[in-house]
Amino acid sequence: MKRIVSMIILMLIFGKIGFEGRRESLTRLEFIQELDGLLRSLSDKERLDILADYTKHFLSGMEQGKSEEEIAASLGSPEMIAQHIIEARGQERQVAGESVPIGVRSIIVAIALIMFNLIFVLGPFIGLLGTLFGMFAVAVALVLSPLGIVSGMGYAGTEAERWFIVFAGIAAVGLGGMIGVALIAITKWIFYLTKRYLQFNLTLIRGK
1 MKRIVSMIIL MLIFGKIGFE GRRESLTRLE FIQELDGLLR SLSDKERLDI LADYTKHFLS
61 GMEQGKSEEE IAASLGSPEM IAQHIIEARG QERQVAGESV PIGVRSIIVA IALIMFNLIF
121 VLGPFIGLLG TLFGMFAVAV ALVLSPLGIV SGMGYAGTEA ERWFIVFAGI AAVGLGGMIG
181 VALIAITKWI FYLTKRYLQF NLTLIRGK
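Reminder that position 35 of the sequence shown reads as 35 in full-length UniProt numbering, one-by-one numbering, no gaps.
Rendered as structure tokens:
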């Protein structure tokens, strides 16, 4: 019984060595044919591209003085190569298949953001712009007020009233100018924040 077991073990060992030796001694044609058969689950274009790449490996190695058997041994067994390629292609298809849910998610996020912005953001934003427009109108009116003041100086009864009108006009111009400068700075800040908010919305939609 022990002799039979020993013989079986020896047969398995030598069979494995012979199998590996056969794999290492594959010629270019044998290697390509075997790899082609193992890649039948891929499309014709994918399979031909892969076979062309490995043919280039053989040609490049032969230019360096290597034999076809040496090149085949350095590339590895066609079974392992085919297994890795098929697994990689499967992962690529899985990622490609996930692109549809991502697209649906982007649409859902976009609709949600539109509703949120219409309900909670657009109204206050329009109100803020209206307030800015009104403040700009006040600033312009103050700056232009001396025109009305000058025309009304003829109705001033005393010298003191005239000087009061002059100083009031100067004060109005100064106040209007300061309000205008402040409003310009506030407007730039608001538009900067608006731009950042829109970019944030786009980032949410794209899912990045």
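Built from N, CA and C at the ideal position, the CB exists for glycine as well.
Collapsed DSSP secondary structure at residue i in the structure displayed
i           : result
residue 206 : helix
residue 60  : helix
residue 27  : coil
residue 195 : helix
residue 76  : coil
residue 37  : helix
residue 65  : coil
residue 51  : helix
residue 42  : coil
residue 18  : Annotation note: pLDDT 43 at residue 18 (below 50); position unreliable, coordinate value reported separately. Residue 18: helix per DSSP, three-state reduction.
Residue closest to residue i, alpha-carbon to alpha-carbon, out of the options
i           : options               : result
residue 209 : 175, 103 and 169      : Any property of residue 209 remains undetermined from this structure, which presents the chain solely from 1 to 208.
residue 84  : 142, 50, 141 and 159  : 50
residue 46  : 82, 76, 60 and 195    : 82
residue 28  : 125, 61 and 166       : 61
residue 40  : 79, 75 and 55         : 79
residue 203 : 67, 170 and 109       : 109
residue 168 : 68, 148 and 199       : 148
residue 178 : 141, 193, 67 and 75   : 141
residue 53  : 199, 37, 75 and 201   : 75
residue 130 : 183, 117 and 159      : 183
residue 59  : 190, 32, 172 and 36   : 32
residue 116 : 206, 192, 197 and 135 : 197
residue 170 : 128, 87, 143 and 195  : 143
residue 214 : 160, 205, 36 and 121  : Missing from the structure shown is residue 214; the chain here goes from 1 to 208 and no further.
residue 135 : 66, 111 and 181       : 181
Rounded C-alpha distance that separates residue i from residue j
i           : j           : result
residue 106 : residue 113 : 10 angstroms
residue 64  : residue 57  : 11 angstroms
residue 71  : residue 25  : 9 angstroms
residue 186 : residue 89  : 55 angstroms
residue 145 : residue 166 : 11 angstroms
residue 43  : residue 124 : 57 angstroms
residue 34  : residue 201 : 53 angstroms
residue 73  : residue 48  : 21 angstroms
residue 77  : residue 68  : 14 angstroms
residue 104 : residue 55  : 42 angstroms
residue 127 : residue 118 : 13 angstroms
residue 188 : residue 133 : 14 angstroms
Counting only runs that start and end within the region 94-178, where is the alpha helix (DSSP H) found for 4 or more residues in a row? 99-116 and 122-152
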